[in-house]
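Start counting the sequence shown at 1293; every next residue gets the next number (the numbering used here). Positions of the beta carbon are idealized from the N, C-alpha and C atoms, including for glycine. Report on one structure; see the data block that follows.
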Amino acid sequence: HVVGIAAHFPNVEVVGFGKANIAKIAGKYRYELLARSDSSKALLEFAHALRSLHVEADMDPLSFS
């Protein structure tokens, strides 16, 4: 699903994707996604488009843990 959505955002590059270190919390599966772009507006629009997948965004993560 993420790849299909990302295809609509040519200014956004998905550079990392996989299971989170703690893969399941409270019955919900967790994944990590790293996207980059020269445009913060493009990243915000991409994050907004992912909301249909129940995605939460951390715009400046300290780590992937």
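Distance between beta carbons of residue j and residue i, contact taken as under 8 Å
| i | j | result |
| --- | --- | --- |
| V1306 | A1298 | 5 Å |
| V1304 | S1329 | 5 Å |
Residue i - partner residues in DSSP beta bridges
| i | result |
| --- | --- |
| V1306 | A1327 |
| I1297 | BP columns for I1297 are empty, so no partner. |
Same chain only: Cβ atoms within 8 Å of residue i, ignoring 5 sequence neighbours per side
| i | result |
| --- | --- |
| V1294 | V1306, F1309, L1325, L1342, L1345 |
With 16 other Cβ atoms within 10 Å as the buried cut-off, status of residue i
| i | result |
| --- | --- |
| A1327 | buried |
Neighbourhood of residue i by C-beta distance below 7 Å, restricted to the same chain and skipping five residues each side
| i | result |
| --- | --- |
| I1314 | R1322 |
Close Cβ partners of residue i (< 6 Å) along its chain, the five nearest in sequence each way excluded
| i | result |
| --- | --- |
| A1339 | A1349 |
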